[in-house]
């Protein structure tokens, strides 16, 4: 079976896909009986023409040459970002082509429209590469776990932030130094905002929400907080308390609501997710009937991600690609209503009565404290007070922090980090 | 889309499949657009008739009632063992039905014949439940990682043995006590031979060998050693040396040969596989281009395994099931030619010159020692000598042990356990 492919966008992933297709073509044929032919390659940069020549493929700078080519069965979109990727995908679907894409930003923004269109035209959209690079998490959830009711998702979905947090702990360095190191190693963009502020993780969580629950959440409904406020101090205090700080994508399904949130989280140090090092990704699922599952692997990089892009191409080309999931309705819980445990760090002047004042505020808001550690003076003659709460409502925690920060002996904004006892 | 299923064998997994199908049918329909109807259920035990009634399915004690029913599209074989399972599968394929099975013993014995027949009749054989219970490792390898050249597999594929080794370490108990505990908890069979002696892991490794390399190895060509000779002493000494003992299925692909073996293995204590507790399963893959991957979950039990059986049914019913992998030829390395590092424990009389004699034998066979620990007397006035070797050829290790065991001051057979520095 020979299928003709058009590929748009020769960035890191695009080039790696071409390389891997060439290198592993006979292996792919042996495993799947599918012969993939790249007919046309498109990139805005004319200098990439030689890459097409190596594969005996045509080259163009105009996406329309692929979209309007009746011989092309599958369009592989590897440009990223919203436009022109969105128009290319929509036009291609309308022209009867299936799509393979790694574009998490676009899917989280317009997934609903794209999948509805694919359904209408009876075409497939492969998006394995959009979440967790090389880990086949999309296929696993949509096909391997098709029977499963996913109760909880905890995912380390962004390599850059995991690398930064890992290095801060490992090398006892501050956030900015770790970020600089990640940038020097090519593990963080020059403008690292999307990664560091949790936006990339947010995009991926939206895709997992669709897969697991049939819900495309609005951007606003998924609370998203990045790691830029996490200090080395917090990382070290968390370790003392047997917790590790990870940026998690979290989903929890309750009877008639769904929690979806992205934020730094204290998790037990002995949980496998705490051991995820460097820029690796991992997804932990709590399901019925399959039970607990964990998937771990490379979350980014051209070569690893090429595995997922090609798996989609092969699946669609061989007619073995799963059907498009139906949508469903479930209320997404407001973060203020979430109930959980919290790590609170206040920086107080070393005066009598601080702890009494802070405790009084917490008690008045029904927040019960599980442990308190008052540290020796360290920074600016301020004393860190670290508290771990019992279960409390987020809204009350926020009110408490506002009041605590207004106390005269509290001199810098207090830190709160959510805890998950998974 | 409605597909009619015949299910044979109502053991733990069979009953759980019926339960899960009933409980999750609307979820499955929403995710996959597939409506599964169990038409006929077959079991030798007539008392199971009421289970069929609950599902409005017909009941029979005669498998031929399913095999010869032209309305049935898929036969789900959950009897286990070689016969009559083998004949049922072969007759069903010949009658134009696809198969779903959890039968690792049968596939490792007759997989070649069964898959060739399926190819001939253009039918599918789903076998997700045959390896690692609830972990969709078959789909992951055959579809998700279709591009991948799998360099190495390290798998904890048997829950019983992992449970026994885990409990020995955790509770400082001997093998027999841990095994008894596993039996009491229903985690080990009354006759635990298949599990304990590594045979079950061996069956699963044969299936992974076919999936990853296109090779159905002969039973003899896969060296298989169980855990019954592992003592608490070895487990504790390994821990002191920062290793943990796990029963591993190992595959390593070299240029023109393949290593396939099952044996207790010392692995670094900080590797994620060392953390796999209780009866959980895990598979670590080293691949190109996807890099390192790890999959973790429940390896047995009716409810978790039902997830994999149903995923196969849905995949085949919706026409999205992957094609049958081609076979290929590669030489399987004899265990005697394998090169690795070894843990050696000798029990010697406390006399001068023991270490000198042992060292002389090792040196004469080109075995270089990386570390030696001579312990204080513990058992029967014999002194344990624990050695870790540098890389050595297995054949030389075996010769050395034979000679060491012949020394007059060595009173009990010496222990060797292979090390993998993964």
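Protein chains in written order, with this note's numbering: chain F, 8 to 429; chain H, 8 to 429. Here a beta-carbon is modelled for each residue, glycine too, at the ideal position from N, C-alpha and C.
Taking a cut-off of 8 Å for Cβ pairs, the region 279–291 of chain H and the region 302–313 of chain H touch, as three or more such pairs fall below it. Rounded to whole angstroms, residue 270 of chain H and residue 160 of chain H show a C-alpha spacing of 13 Å. Chain H has no Cβ within less than 8 Å of the Cβ of residue 284 of chain F. Here residue 409 of chain F is not near residue 351 of chain F, since their CB atoms are 8 Å or more apart. Under a criterion of Cβ atoms nearer than 8 Å, no residue of chain F is adjacent to residue 410 of chain H; the nearest Cβ is some 42 Å distant. For residue 246 of chain H and residue 203 of chain H, the gap between their C-alpha atoms comes out near 22 Å. Taking a C-beta distance under 8 Å as the contact criterion, residue 81 of chain H and residue 323 of chain H qualify as a contact pair. Put simply, the CB of residue 35 of chain H is near chain F, with a gap under 8 Å to one of its CB atoms. Scanning F/109, F/330, F/242 and F/343 for the CA closest to the CA of residue 267 of chain F turns up F/343. Inclusion of residue 220 of chain H and residue 265 of chain H in the CB contact set at 8 Å is warranted, their separation being smaller than that value. A Cβ-Cβ distance of about 6 Å is found for the pair residue 16 of chain H and residue 50 of chain H, placing them in contact under the 8 Å criterion. Here residue 194 of chain F is buried. Its C-beta has 16 or more other C-beta atoms within 10 Å.
The alpha-carbon of residue 366 of chain F is positioned some 44 Å away from that of residue 155 of chain F. For residue 76 of chain F, there is no enclosing beta strand (DSSP E), since its DSSP letter is neither H nor E. Residue 128 of chain F is positioned such that its CB atom lies closer than 8 Å to that of residue 100 of chain F.
No residue range can be given for residue 397 of chain H, since it is assigned to no alpha helix (DSSP H) and is classified by DSSP as neither H nor E.
Secondary structure at residue 353 of chain H: strand, using DSSP grouped into helix, strand and coil.
Here residue 389 of chain F is not near residue 363 of chain F, since their CB atoms are 8 Å or more apart.
Straight-line measurement puts the Cα of residue 14 of chain F at about 12 Å from the Cα of residue 92 of chain F. Nearest neighbour of residue 68 of chain H by Cα position, chosen from H/123, H/77 and H/54, turns out to be H/54. Taking C-beta separations shorter than 6 Å and ignoring five residues to either side along the sequence, the partners of residue 175 of chain H in its chain run 185, 239 and 242, following chain order. In the three-state reduction of the DSSP assignment, residue 296 of chain H falls in the coil class, being assigned neither a helical nor a strand state. Positions of the alpha helix (DSSP H) runs, each at least 4 residues long and wholly inside the region 229–260 of chain H, are given as 239–247 in order along the chain. Residues of chain H with a Cβ closer than 7 Å to the Cβ of residue 155 of chain F are, in chain order, 314.
Listed by position along chain F, the residues whose Cβ is nearer than 9 Å to that of residue 258 of chain H form an empty set, because the closest Cβ is around 16 Å away. A contact between stretches requires three or more CB pairs, one per stretch, nearer than 8 Å, and the region 134–145 of chain F meets this requirement with the region 107–125 of chain F. Considering only H/76, H/428, H/232 and H/52, the residue with the shortest C-alpha distance to residue 276 of chain H is H/428. For the pair residue 11 of chain F and residue 44 of chain F, the CB atoms are nearer than the 8 Å cut-off.
Beta-bridge partners of residue 182 of chain F (DSSP): none assigned.
One finds 279, 282 and 303 in chain H with Cβ atoms closer than 8 Å to the Cβ of residue 279 of chain F, taken in chain order.
The continuous stretches of alpha helix (DSSP H) do not include residue 142 of chain F, and DSSP gives it neither H nor E. Classified as exposed, residue 226 of chain F has fewer than 16 neighbouring CB atoms from the shown chains inside 10 Å of its CB.
If you draw a straight line from the Cα of residue 336 of chain H to the Cα of residue 182 of chain F, it is about 52 Å long.
In the three-state reduction of the DSSP assignment, residue 153 of chain H falls in the coil class.
Selection F/253, F/190 and F/61 evaluated against residue 205 of chain F yields F/253 as nearest (Cα-Cα). Linking residue 94 of chain F to residue 374 of chain F through their CA atoms gives a straight-line distance of about 50 Å.
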